[in-house]
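As structure tokens, the structure follows; a few thoughts come after it.
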Amino acid sequence: MTDDITAVIEPLPSRRTPRLRTPRAPRRSAATAAVPVAEPLAALEGRNISAWFGDHQVLDRVSLTMPAGVVTSLIGPSGCGKSTFLRILNRMHELVPSASLAGEVLLDGEDIYDPSRKLVEARKHIGMVFQKPNPFPAQSIYDNVIAGLKLTGTRASRDEKDELVESCLIKAGLWKEVKDRLRAPGAGLSGGQQQRLCIARSLAVKPRVLLMDEPCSALDPTSTRVIEETMLELAHEVTIVIVTHNMQQAQRVSQQCAFFLAAQGTPGAIVEHGDTEAMFHDPVDPRTFDYVNGRFG
Ligand SMILES: Nc1ncnc2c1ncn2[C@@H]1O[C@H](COP(=O)(O)OP(=O)(O)OP(=O)(O)O)[C@@H](O)[C@H]1O
Ligand SMILES: [Mg+2]
Numbered sequence: 001m002t003d004d005i006t007a008v009i010e011p012l013p014s015r016r017t018p019r020l021r022t023p024r025a026p027r028r029s030a031a032t033a034a035v036p037v038a039e040p041l042a043a044l045e046g047r048n049i050s051a052w053f054g055d056h057q058v059l060d061r062v063s064l065t066m067p068a069g070v071v072t073s074l075i076g077p078s079g080c081g082k083s084t085f086l087r088i089l090n091r092m093h094e095l096v097p098s099a100s101l102a103g104e105v106l107l108d109g110e111d112i113y114d115p116s117r118k119l120v121e122a123r124k125h126i127g128m129v130f131q132k133p134n135p136f137p138a139q140s141i142y143d144n145v146i147a148g149l150k151l152t153g154t155r156a157s158r159d160e161k162d163e164l165v166e167s168c169l170i171k172a173g174l175w176k177e178v179k180d181r182l183r184a185p186g187a188g189l190s191g192g193q194q195q196r197l198c199i200a201r202s203l204a205v206k207p208r209v210l211l212m213d214e215p216c217s218a219l220d221p222t223s224t225r226v227i228e229e230t231m232l233e234l235a236h237e238v239t240i241v242i243v244t245h246n247m248q249q250a251q252r253v254s255q256q257c258a259f260f261l262a263a264q265g266t267p268g269a270i271v272e273h274g275d276t277e278a279m280f281h282d283p284v285d286p287r288t289f290d291y292v293n294g295r296f297g
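So the sequence shown is numbered by our numbering: it starts at 1 and just counts up by one.
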């Protein structure tokens with residue numbers, strides 16, 4: 001169960017410089033793509049991921065497989081690199097000008113950083129929900145849900161859009177609350193509702209993986225419960241990775257858990273990962289025991 005990468009001494013990996021590209025208009029073939037159908041569940045694998053901001057290394061050769069259809073939780077003290085790892089999983093790390101990384105991210109066995117693969121493809125297949133809900137405030141609930149279609153150049157008829165909006169809002173556990181006001185602005189919803197709207201928006205492009213960075217940390221217990229229930233439902237059709245500081249939440253929603261730690265002055269690494277129950281009740285590493293029992297962090 002203990003992650004062996006921390007024990008293996010390997011030569012320092014060569015860094016990749018971020019590939020910042022000027023966004024281009026989608027090609028005709030992409031612009032006329034039809035509404036995607038759901039793809040089979042996919043595993044996501046980070047291999048030897050290292051990350052830097054300038055010269056500051058914040059992750060050191062982190063490897064983790066996030067199996068298909070499983071909810072994986074990432075836990076660990078503040079600043080140990082959980083969000084950085086998550087952002088590397090859908091190519092958002094490279095948006096920071098000083099950022100660089102090494103390693104591979106494999107979606108269903110294919111490296112999303114392969115130069116022949118498009119950035120937009122990675123983001124489409126690997127969605128992200130952030131700590132602070134970020135719906136487009138001036139847009140209606142309806143338009144928020146289908147916003148990703150425009151961004152990915154997907155053509156859809158009115159009926160297809162209606163169907164998509166309804167199914168995504170149902171999956172996100174929001175339909176009943178908003179079905180009579182789909183044309184009202186997204187900003188008019190409560191924080192918990194806005195977060196579920198963001199989940200619905202992510203689902204509309206039919207991602208294979210959904211990354212969630214502390215999605216409930218700004219929410220009340222009731223909204224948190226609804227989102228946790230939503231996650232458990234969604235796990236049947238999308239692989240989920242969630243960062244959380246809430247140990248109960250990690251136990252409630254995830255089947256696999258990874259404990260990140262950055263010892264004083266060193267980059268973050270995974271101390272231990274494995275079955276969530278075992279991590280919380282019978283961890284191998286004493287640092288995991290201390291962390292999950294609230295002794296530090
Ligand atoms: N944009 C940035 N520029 C420079 N350094 C950064 C940037 N973002 C994060 N860092 C640094 O990278 C390290 C890891 O940060 P990260 O946000 O990944 O940690 P985290 O585990 O998600 O923490 P938290 O639990 O507080 O969210 C920290 O030392 C942080 O200061
Ligand atoms: Mg974070």
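Glycine included, every Cβ here is placed at the ideal spot set by N, Cα and C. Note that this is a predicted model, so its numbers are computed, not measured.
Look at the Cβ atom of residue i, then the Cβ atom of residue j, and state whether they are nearer than 8 Å.
i, j, result
"residue 81", "residue 51", "yes"
"residue 286", "residue 60", "no"
"residue 152", "residue 118", "no"
"residue 213", "residue 253", "no"
"residue 187", "residue 148", "no"
"residue 126", "residue 107", "yes"
"residue 46", "residue 98", "no"
"residue 234", "residue 200", "no"
"residue 62", "residue 269", "yes"
"residue 172", "residue 208", "no"
"residue 92", "residue 241", "no"
For residue i, which residues of its own chain have a beta-carbon under 6 Å away from its beta-carbon, when the five flanking residues on both sides are left out?
i, result
"residue 68", "41, 42, 43 and 239"
"residue 27", "Model confidence at residue 27 stands at a pLDDT of 41, short of 50, so the residue's coordinates are unreliable and nothing is read from them."
Rounded to whole angstroms, how far is the Cβ of residue i from the Cβ of residue j, which I believe are closer than 8 Å?
i, j, result
"residue 64", "residue 273", "6 Å"
"residue 247", "residue 292", "6 Å"
"residue 139", "residue 217", "That belief does not hold up - the Cβ atoms of residue 139 and residue 217 are roughly 24 Å apart, past 8 Å."
"residue 74", "residue 260", "6 Å"
"residue 145", "residue 129", "That pair is no contact at about 14 Å."
"residue 191", "residue 133", "6 Å"
"residue 262", "residue 72", "About 19 Å; that fails the 8 Å criterion."
"residue 256", "residue 120", "Incorrect: roughly 28 Å between the Cβ atoms, too far for contact."
"residue 228", "residue 194", "Residue 228 to residue 194, Cβ: 17 Å. No contact."
For residue i, which residues from the same chain have a beta carbon less than 7 Å from its beta carbon, with the 5 sequence-adjacent residues on both sides left out?
i, result
"residue 277", "none"
"residue 25", "Any reading at residue 25 must be qualified, since the residue scores a pLDDT of 39, below 50, and its modelled position is unreliable; the value itself is stated next. Result list for residue 25: empty, nothing under 7 Å."
"residue 184", "140 and 141"
"residue 83", "213 and 243"
Any heavy atom of ligand 4 closer than 7 Å to the Cβ of residue i?
i, result
"residue 132", "This structure lacks ligand 4; the ligands present are ligand 1 and ligand 2."
Whose C-beta lies closer than 8 Å to the C-beta of residue i among residues of the same chain, with five residues either side of it excluded?
i, result
"residue 281", "none"
"residue 4", "Any reading at residue 4 must be qualified, since the residue scores a pLDDT of 37, below 50, and its modelled position is unreliable; the value itself is stated next. None."
"residue 288", "259, 271, 272 and 279"
TODO: For the segment 157-172 and the segment 99-110, state whether three or more C-beta atom pairs, one from each stretch, are separated by less than 8 Å.
DONE: no
- [ ] Would you list, in sequence order, the uninterrupted alpha helix (DSSP H) runs of no fewer than 4 residues that lie entirely inside the segment 31-114?
- [x] 82-89
TODO: Kindly provide the ranges of any alpha helix (DSSP H) runs that are 4 or more residues long and lie completely inside the segment 143-225, ordered along the chain.
DONE: 147-151, 158-171, 175-178 and 191-203
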